[in-house]
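The structure under discussion appears below in the form of structure tokens.
6 protein chains.
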Amino acid sequence: PALTHVRPDGAVLMVDVTDKPVTKRVAHARATLITRPDVIAMLMAGELPKGEALATARIAGIMGAKQTSSLIPLCHPLPLSGATIDFTASDDRVLIETMVKTTGVTGVEMEALTAASIAALTLYDMIKAVDKHASITGIEVVSKTGGKSGDWVRGDA
Amino acid sequence: PALTHVRPDGAVLMVDVTDKPVTKRVAHARATLITRPDVIAMLMAGELPKGEALATARIAGIMGAKQTSSLIPLCHPLPLSGATIDFTASDDRVLIETMVKTTGVTGVEMEALTAASIAALTLYDMIKAVDKHASITGIEVVSKTGGKSGDWVRGDA
Amino acid sequence: PALTHVRPDGAVLMVDVTDKPVTKRVAHARATLITRPDVIAMLMAGELPKGEALATARIAGIMGAKQTSSLIPLCHPLPLSGATIDFTASDDRVLIETMVKTTGVTGVEMEALTAASIAALTLYDMIKAVDKHASITGIEVVSKTGGKSGDWVRGDA
Amino acid sequence: PALTHVRPDGAVLMVDVTDKPVTKRVAHARATLITRPDVIAMLMAGELPKGEALATARIAGIMGAKQTSSLIPLCHPLPLSGATIDFTASDDRVLIETMVKTTGVTGVEMEALTAASIAALTLYDMIKAVDKHASITGIEVVSKTGGKSGDWVRGDA
Amino acid sequence: PALTHVRPDGAVLMVDVTDKPVTKRVAHARATLITRPDVIAMLMAGELPKGEALATARIAGIMGAKQTSSLIPLCHPLPLSGATIDFTASDDRVLIETMVKTTGVTGVEMEALTAASIAALTLYDMIKAVDKHASITGIEVVSKTGGKSGDWVRGDA
Amino acid sequence: PALTHVRPDGAVLMVDVTDKPVTKRVAHARATLITRPDVIAMLMAGELPKGEALATARIAGIMGAKQTSSLIPLCHPLPLSGATIDFTASDDRVLIETMVKTTGVTGVEMEALTAASIAALTLYDMIKAVDKHASITGIEVVSKTGGKSGDWVRGDA
Chain A
69 PALTHVRPDG AVLMVDVTDK PVTKRVAHAR ATLITRPDVI AMLMAGELPK GEALATARIA
129 GIMGAKQTSS LIPLCHPLPL SGATIDFTAS DDRVLIETMV KTTGVTGVEM EALTAASIAA
189 LTLYDMIKAV DKHASITGIE VVSKTGGKSG DWVRGDA
Chain B
69 PALTHVRPDG AVLMVDVTDK PVTKRVAHAR ATLITRPDVI AMLMAGELPK GEALATARIA
129 GIMGAKQTSS LIPLCHPLPL SGATIDFTAS DDRVLIETMV KTTGVTGVEM EALTAASIAA
189 LTLYDMIKAV DKHASITGIE VVSKTGGKSG DWVRGDA
Chain C
69 PALTHVRPDG AVLMVDVTDK PVTKRVAHAR ATLITRPDVI AMLMAGELPK GEALATARIA
129 GIMGAKQTSS LIPLCHPLPL SGATIDFTAS DDRVLIETMV KTTGVTGVEM EALTAASIAA
189 LTLYDMIKAV DKHASITGIE VVSKTGGKSG DWVRGDA
Chain D
69 PALTHVRPDG AVLMVDVTDK PVTKRVAHAR ATLITRPDVI AMLMAGELPK GEALATARIA
129 GIMGAKQTSS LIPLCHPLPL SGATIDFTAS DDRVLIETMV KTTGVTGVEM EALTAASIAA
189 LTLYDMIKAV DKHASITGIE VVSKTGGKSG DWVRGDA
Chain E
69 PALTHVRPDG AVLMVDVTDK PVTKRVAHAR ATLITRPDVI AMLMAGELPK GEALATARIA
129 GIMGAKQTSS LIPLCHPLPL SGATIDFTAS DDRVLIETMV KTTGVTGVEM EALTAASIAA
189 LTLYDMIKAV DKHASITGIE VVSKTGGKSG DWVRGDA
Chain F
69 PALTHVRPDG AVLMVDVTDK PVTKRVAHAR ATLITRPDVI AMLMAGELPK GEALATARIA
129 GIMGAKQTSS LIPLCHPLPL SGATIDFTAS DDRVLIETMV KTTGVTGVEM EALTAASIAA
189 LTLYDMIKAV DKHASITGIE VVSKTGGKSG DWVRGDA
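Chains as they are written, first to last, in this note's numbering: chain A, 69 to 225; chain B, 69 to 225; chain C, 69 to 225; chain D, 69 to 225; chain E, 69 to 225; chain F, 69 to 225.
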């Protein structure tokens, strides 16, 4: 096998998907921001701060999903038909779970991963003054449906 | 302490940095793409494919660094004065190391982290057809210099 | 009733429109820039200045319509299939009327409103040196056709 | 007097500000979304929905401010050094007040107005399914400081 | 005949293509960067530099193609379904050939031309320190297929 | 000599300009659109069409200049302090002349060239329905001032 985005002569390209069928597609992805318990407490403290810190990351993630094809060079532009982002805080970390939908010729894994990454970076931006050691880990696709290759669920999901 | 980007009333804001001094600043960050050894072999096989797959991720990372303030809602726009991205492949993974410089009033950690994230997502995009289980991990700041808080190096760096 | 973009748990989302039918849709919107009669005279004086001041606002409005989904966080991206912007000057004001079309699953009210807003802001930008008191008012949808909710015309239109 | 952005031959231009001094500048602007009392109740109902609906508009406004020079054709790019957006709900309307700062050669009125407009459009987007008649009014500069023309406060502010 | 993007009253518009049929469309375009033989040698010297200098231009061209409708004011947004860029160096010049595909209601000539132009400008950017006299010439469409006007090949292609 | 944007190991980078002095810089560039005399007549026919066709290209060029660093991968972002675009029609062609200014650490040749290219492509877009054979040629820098390398004027300018 070979990389789909690289031609035999070594040049990259935006793969030709002109003849692929249009189907409904969904992808779920996730990322985890790791910090300290006291920082998690700050992120979650009070009704409004909680709403706005997480809301900021949520909005950034959704807007990031819509920018995927202008950020990832060989991605095809796709008309997203839905997107949600959920946060689950626990001890010293926040799990970010994204879901992106389209009706199109390619899958939306990259959009779901980009949403998770940008949401995680946005949370990082808000806590970096209190925790320089925070990190982001576990950016991965959880499941996908639609398209020729069919449904897929990560074994350890 | 409290989150710098959240006001006492809970609203987020773009923090006022009008009176901060302009200094030279550098930030190093990193990310790691984890896949399989045979996929690493494909990424690195042949002179040209290697050049273009990695070059694509490098370009995406540098361009992503320049888009940071339009991706991360509360980031200040900064005039980047330099950026490099390096890749080190080993067994089943690629380490992505970024360096970003500016002469400005805020640090460039977010730019370095965004560069690393977008470069990693771009590599992921090129291998996703051959490895659905790939993941991105270890997105973190390695060191920073410049600014009031002074130089900082990650303890485990 | 409740807001469509807010889930029961309070989180915002990009609403799932995957299963909505694709139909032809049109929206008309408007905005009004209020200034002084002598400023209107300047905007309209001479053939070329008139052409370029209004043309600049027209181009900005059309380009703004195409950026709607990257400006309004929860808007779905839509492939616009037509757009026009008209200006009517009278005494101390300019009426800006926009029309936007698409063939898609959601309406184009936001695109028509964004076009009107950006065109009005662009006119404001050109006159702000001579009239600090100018203001923009009456940004609203005038009519829409297409989609499940059917045709609609503002009562006072 | 004549329009600053239009040359004697009628062509528009990005005005030459190369020789203007760099000073600290602040601009306050506002906009008002007019809807119905029951819609205001929905926007404000519950802690979290309130947070996220308003937070979404706030984030959109701040991000919009940063995009001003790519939306308004003849605006100069400016490095924003701070931005806040406040909402005040009353009966059938929401007042949106914005503040933008920079250290630069031109004022930030357009950025403050763009922030107010995009925040208002984002609120409109969230309520349009329940109120087609909503409108946006009163987009105007409230005050500005810095620059050669000095401080200015709207008479009726 | 008259210009399609200009109404009888002289105003420009985004032409209404709502009722045009969706067909598969392809466009080929080209551009030529003219410099000196020793500069061509630098661009092509060594495996990796060659890969990355050309790869950088290739990525820029593909990403530029995806930005066409936000760069060219009256262009309709189109979902690109494929794009390739090829370089042929000879003596004192590099020929840049682009191919863009879509399934849509308008042609992709502008996307293919934009890809060629941005790729050429990117090469220029990399050589400008060693050749101030470099220039870009011969930006033109080579052929197109699909759409009502049918297939077309430049006579001198 | 070697290419400034390519490291000894072959990787491209955004060159470090942190220590370059900030100076006032100007660049003039040009491009030529070649078509047929009857098409030039259409572009120039009537006061308003002339205004809006050329104005559209002028606006696109100015806005393109501001997007240069997000289009050309290794370009540094620069705060443009002025930009003009002029058109001279003659027989079968339109000469596009651009001028861009900044106060910054790098030159603005790329911005002036990008403005000329995007303006030319925008004119092309408006005439492509009546002249498929149109082409763009002679994209080149005419002169530059400011910076360490000093003033420079193209010999044949």
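Where a beta carbon is used, it is the ideal one built from N, C-alpha and C, also for glycine.
These numbers were taken from a predicted model, which means no experiment stands behind them.
Three-state class that DSSP yields for residue i in the structure shown
i: V209 (chain D); result: strand
i: S217 (chain A); result: coil
i: V107 (chain E); result: helix
i: I186 (chain B); result: helix
i: L71 (chain D); result: coil
i: L148 (chain C); result: strand
i: K196 (chain F); result: coil
i: L142 (chain B); result: coil
i: D77 (chain F); result: coil
C-beta atoms of residue i and residue j nearer than 9 Å
i: H96 (chain A); j: V173 (chain A); result: no
i: A184 (chain A); j: I164 (chain A); result: yes
i: L139 (chain F); j: M131 (chain E); result: yes
i: G178 (chain B); j: L148 (chain D); result: Sequence check: residue 178 (chain B) is Met here, not Gly. It is not a contact, given that the beta carbons lie outside the stated cut-off.
i: I186 (chain B); j: R98 (chain B); result: no
i: A157 (chain B); j: D154 (chain D); result: no
i: T190 (chain D); j: A151 (chain D); result: no
i: T124 (chain E); j: L181 (chain F); result: no
i: L111 (chain E); j: V198 (chain F); result: no
i: T91 (chain A); j: G223 (chain A); result: no
i: H144 (chain C); j: A121 (chain D); result: no
i: V162 (chain F); j: V168 (chain F); result: no
Identity of the residues DSSP links to residue i by a beta bridge
i: E165 (chain C); result: C:R98 and C:D154
i: S203 (chain B); result: B:I102
i: R222 (chain E); result: None, per the DSSP bridge assignment.
i: K92 (chain A); result: A:T171
i: M82 (chain D); result: F:A151
Beta-carbon separation (whole angstroms), residue i vs residue j, contact threshold 8 Å
i: D160 (chain C); j: I102 (chain C); result: 6 Å
i: T170 (chain D); j: R93 (chain D); result: 5 Å
i: K196 (chain A); j: A202 (chain A); result: 7 Å
i: W220 (chain F); j: K200 (chain E); result: 6 Å
i: T100 (chain A); j: I204 (chain A); result: 7 Å
Against chain C: residues of the stretch 128-156 of chain E by CB proximity under 8 Å: S137, S138, P141, L142, H144, P145, L146 and P147
What are the residues of the stretch 83-108 of chain A that lie near chain C, defined by any Cβ-Cβ distance shorter than 8 Å? K92
Which of the residues in the stretch 166-184 of chain E, read from start to end, lie with their CB under 7 Å from any CB of chain A? K169 and T171
Interface positions of the stretch 187-208 of chain B facing chain D (Cβ-Cβ less than 9 Å), listed along the chain: Along the stretch 187-208 of chain B, there is no position whose C-beta sits under 9 Å from a C-beta of chain D.
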